[in-house]
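Numbering of the sequence shown is given in the numbering used here, commencing with residue 1 and proceeding in unit increments. All C-beta atoms, glycine included, are put in the ideal place defined by N, C-alpha and C.
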Amino acid sequence: MTSPLLVLDTPALYYRSFHGLPDTIRSPHGRPVHAVRGLLDTISQLVHQWDSRRIIAVMDADWRPDFRTAILPEYKAHRITDETRGTETPPELEEQLPVIFDALSAAGIPIAEVPGTEADDVIASIVAQTTDTEVVVVSSDRDLLALLEPGRRVRVHRPRTGGRWETTAPEDLPGLYGVADGTAYRALAALRGDPSDGIPGAPRIGEKTAAKLVAGFGGLEEIIAAAQAGSKEHGLSDLRRTSILEHADAVRAGARVMEGLTDLDVREFVEEAGGAPDQARVVALGAEWGLERSVARLLEALGAPVDSGAAPSSAPAVAATAATNAPSATGTGAAVGATGWAQNLCAFDLETTGVDPATGRIVSAALVPFADGQEGPALTWLVDPGIEIPEESQRVHGITTARVRADGIPTAEALPQILTAIAALRERGSVLAGHNIVYDLTVLAAEAVRAGLLAAPQDLLAGLPPVVDTLVIDRRIDRFRKGPRTLTAVAEHYAVPLADAHDALADARAAGLIALAQARSTSSLAQLTADDLHASQIEWKREQAASLQEFLRRRRPSATVNGDWPLEPLD
Numbered sequence: 001m002t003s004p005l006l007v008l009d010t011p012a013l014y015y016r017s018f019h020g021l022p023d024t025i026r027s028p029h030g031r032p033v034h035a036v037r038g039l040l041d042t043i044s045q046l047v048h049q050w051d052s053r054r055i056i057a058v059m060d061a062d063w064r065p066d067f068r069t070a071i072l073p074e075y076k077a078h079r080i081t082d083e084t085r086g087t088e089t090p091p092e093l094e095e096q097l098p099v100i101f102d103a104l105s106a107a108g109i110p111i112a113e114v115p116g117t118e119a120d121d122v123i124a125s126i127v128a129q130t131t132d133t134e135v136v137v138v139s140s141d142r143d144l145l146a147l148l149e150p151g152r153r154v155r156v157h158r159p160r161t162g163g164r165w166e167t168t169a170p171e172d173l174p175g176l177y178g179v180a181d182g183t184a185y186r187a188l189a190a191l192r193g194d195p196s197d198g199i200p201g202a203p204r205i206g207e208k209t210a211a212k213l214v215a216g217f218g219g220l221e222e223i224i225a226a227a228q229a230g231s232k233e234h235g236l237s238d239l240r241r242t243s244i245l246e247h248a249d250a251v252r253a254g255a256r257v258m259e260g261l262t263d264l265d266v267r268e269f270v271e272e273a274g275g276a277p278d279q280a281r282v283v284a285l286g287a288e289w290g291l292e293r294s295v296a297r298l299l300e301a302l303g304a305p306v307d308s309g310a311a312p313s314s315a316p317a318v319a320a321t322a323a324t325n326a327p328s329a330t331g332t333g334a335a336v337g338a339t340g341w342a343q344n345l346c347a348f349d350l351e352t353t354g355v356d357p358a359t360g361r362i363v364s365a366a367l368v369p370f371a372d373g374q375e376g377p378a379l380t381w382l383v384d385p386g387i388e389i390p391e392e393s394q395r396v397h398g399i400t401t402a403r404v405r406a407d408g409i410p411t412a413e414a415l416p417q418i419l420t421a422i423a424a425l426r427e428r429g430s431v432l433a434g435h436n437i438v439y440d441l442t443v444l445a446a447e448a449v450r451a452g453l454l455a456a457p458q459d460l461l462a463g464l465p466p467v468v469d470t471l472v473i474d475r476r477i478d479r480f481r482k483g484p485r486t487l488t489a490v491a492e493h494y495a496v497p498l499a500d501a502h503d504a505l506a507d508a509r510a511a512g513l514i515a516l517a518q519a520r521s522t523s524s525l526a527q528l529t530a531d532d533l534h535a536s537q538i539e540w541k542r543e544q545a546a547s548l549q550e551f552l553r554r555r556r557p558s559a560t561v562n563g564d565w566p567l568e569p570l571d
């Protein structure tokens, strides 16, 4: 069976990464690269998911074409952030675009753009003209659902919250949106409007009402004619009739603006899809921009994995070496050969509004799986805690209140997703790893109780897989090592790269790599079963707390140190 053609709405994907990942992800020379990294990681994930290396990266040659603004002058007008340049692109993103173009080109992925048109037009032309293979359109833009026509071998693959993806085929439209096909969906969208694109729609006509009208009357002109005739069928009330008649021209204009061009010359882009990457060039780009791990994943997905000899010395995230109690100068990287409990682990980290687990609220979360030492696709969440994020916390992790309100999902939506993802690890026989994970789990338990998802914090334990705490283990296997035991310090000790400390994804990844290094460096640790390791850490944490308490009481007799693990008590 021929693999599908993956057609990427690239601007939608790199904007998603730009807003979804912290701008503390930077190159060795200090420039932001979070949009680049997010896009490359997304492409790697898509290649594995669809088992296809036939990719086209579609771009906007003109994000606001004249032929569309001639129809609807307000089209995307509100997005212009720089009146002089007439652009919607923030400067911090614009400086990453050349890196994105270079990386895609080096990876052998054709960049498809046609002067005077948007990415939507190029995508529509590819879909219309490709009849010999299945096309998967990857975009967060709902407007592209209008491409789903019966008989077409096309699906739209959309990113959702919590790292999930939703795939829609033509036959799914009636059940999901109550319309028969893509043309009917475009009519629905024109009636509903789309404020994000400046498409007004008809006031008082929501999505469900629009679907009912389209299904009942057939199309926009039929709906307008029914309103003119005074029909009361299919939910056409007096107020809705008036709204449709008053805004008929705007609705028609919106429908025309949303229709993609289908006659562009896109043959060359389709023919070039599936080209071989220039491995040396990709590796060099990764080293230059501090994206070694992302380009290694991309090359592996594209069938050109980097061997240890191909990685430059400045790319510790690509070259794997065995860790020992005296760590080597090279990074542990994407370690292989994990045994025992380390064969299947998932690393976890939270960023929060404060250091008190009883009152701290989640603002970001990450789960990073490792199977036999190899990192897999991560799940990440940006969470709106519903309160102001204190300035001191913002300075630590770089996540602002404005950002979570604009791009995050509410705590009530994120918590069930996080809890479900963790519970699924137990079913898969995985362990849950983290550095000082007792803090993260206690915050999670407190949040779940506040949300009414748990009756008591201890109820969280029932849904947890065996837990691995790299801090507890480090204090056990190297008790007398001097210096701090922060994640940054412990990562440095085990030669684990950590360029973006206090970013949930980076911290989780580092904790997972530390756990793998600890398992390799201490055979007695690796030989424990996951359940035995969990039980041992309960005792180790109790002993460590008692030892610290004894030390502190030499100066302050009333000092107490809590030894509970993996949850702290909440007053």
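On the DSSP bridge assignment, give the partners of residue i in chain order.
| i | result |
| --- | --- |
| Phe370 | Leu345 and Glu375 |
| Pro170 | DSSP, once it has assigned bridges, lists no residue as partnering Pro170. |
| Thr380 | Ala366 |
| Asp194 | Ile199 |
| Arg26 | Pro32 |
| Pro410 | Asp384 |
| Thr352 | Ile362 |
Between the Cα of residue i and those of the options, spot the shortest distance and give me the residue it belongs to.
| i | options | result |
| --- | --- | --- |
| Gly408 | Val443, Ile418 and Ser364 | Ser364 |
| Pro357 | Ala284, Leu382 and Thr442 | Thr442 |
| Arg246 | Arg204, Glu271, Glu171 and Ala119 | Residue identity differs from the one stated: residue 246 is Glu in this sequence, not Arg. The candidate whose alpha carbon is nearest that of Glu246 is Arg204. |
| Gly116 | Leu104, Glu94, Leu264 and Gly206 | Leu264 |
| Gly463 | Asp60, Thr470, Ala446 and Ala421 | Ala421 |
| Pro557 | Gly563, Gln549 and Asp564 | Gln549 |
| Val154 | Ala169, Ala146, Arg142 and Arg160 | Ala169 |
| Arg281 | Arg240, Gly198 and Ser105 | Ser105 |
| Leu382 | Ala12, Gly20 and Ser3 | Gly20 |
| Gly175 | Arg158, Ala215, Ser139 and Val122 | Ala215 |
| Gly290 | Leu552, His157 and Thr24 | Thr24 |
| Ala647 | Pro195, Leu239, Asp238 and Asp181 | As displayed, the chain neither begins before 1 nor continues past 571, which places residue 647 out of reach and without an answer. |
| Ala510 | Thr470, Pro484 and Phe480 | Thr470 |
| Leu40 | Val99, Leu533, His78 and Asp51 | Val99 |
Name the two residues that bound the continuous beta strand (DSSP E) containing residue i.
| i | result |
| --- | --- |
| Leu461 | Note, Leu461: premise wrong, no beta strand (DSSP E); not H, not E. |
| Arg158 | Val154 to Pro159 |
| Arg472 | Inspection of the sequence shows that residue 472 is occupied by Val rather than by Arg. First-last for Val472: Thr470 to Ile477, but that is the alpha helix (DSSP H), not the beta strand (DSSP E). |
| Val58 | Ile55 to Val58 |
| Ala535 | Here Ala535 belongs to no beta strand (DSSP E); instead the alpha helix (DSSP H) covers Ala530 to Leu552. |
| Asp9 | Leu5 to Asp9 |
| Val136 | Val135 to Val138 |
Do residue i and residue j have their C-beta atoms within less than 7 Å of each other?
| i | j | result |
| --- | --- | --- |
| Asp349 | Gly434 | yes |
| Leu5 | Leu46 | no |
| Leu505 | Ala366 | yes |
| Leu191 | Gly201 | yes |
| Asp459 | Leu487 | no |
| Val257 | Arg68 | yes |
| Ile56 | Phe269 | yes |
| Ala530 | Val431 | yes |
| Val490 | Gln537 | no |
| Leu415 | Glu388 | no |
| Ala128 | Ala342 | no |
| Leu72 | Ala248 | no |
| Val36 | Gln96 | yes |
| Leu583 | Asp384 | Residue 583 lies beyond the range of the chain shown here (1 to 571); nothing can be said about it. |
Let me confirm a value: residue i is counted as buried when at least 16 other C-beta atoms fall within 10 Å, else exposed. Which label applies?
| i | result |
| --- | --- |
| Val438 | buried |
| His493 | buried |
| Gln228 | exposed |
| Asp474 | buried |
| Lys76 | buried |
| Ser521 | buried |
| Lys541 | buried |
| Thr10 | buried |
| Thr131 | exposed |
| His397 | buried |
| Ala320 | At Ala320, the pLDDT of 23 sits below 50, so the modelled position is not reliable; the number obtained from the coordinates is stated separately. Looking at its Cβ environment, which holds 16 or more other Cβ atoms inside 10 Å, Ala320 is buried. |
| Glu118 | buried |
| Gln417 | buried |
| Gly333 | Residue placement at Gly333 cannot be trusted, given a pLDDT of 40 that sits under 50; what the coordinates show is reported in the next sentence. So Gly333 counts as buried. |
| Ser524 | exposed |
| Glu375 | buried |
| Glu83 | Confidence is the limiting factor: at Glu83 the pLDDT is only 46, short of 50, which leaves the residue's position unreliable, though a coordinate-based value still follows. The residue is exposed, with fewer than 16 neighbouring Cβ atoms inside 10 Å. |
The alpha helix (DSSP H) with residue i in it runs from where to where?
| i | result |
| --- | --- |
| Ala451 | First-last for Ala451: undefined, no H or E at that position. |
| Leu245 | Asp238 to Glu246 |
| Val36 | His34 to Trp50 |
| Gly434 | Note, Gly434: premise wrong, no alpha helix (DSSP H); beta strand (DSSP E) at Val431 to Gly434. |
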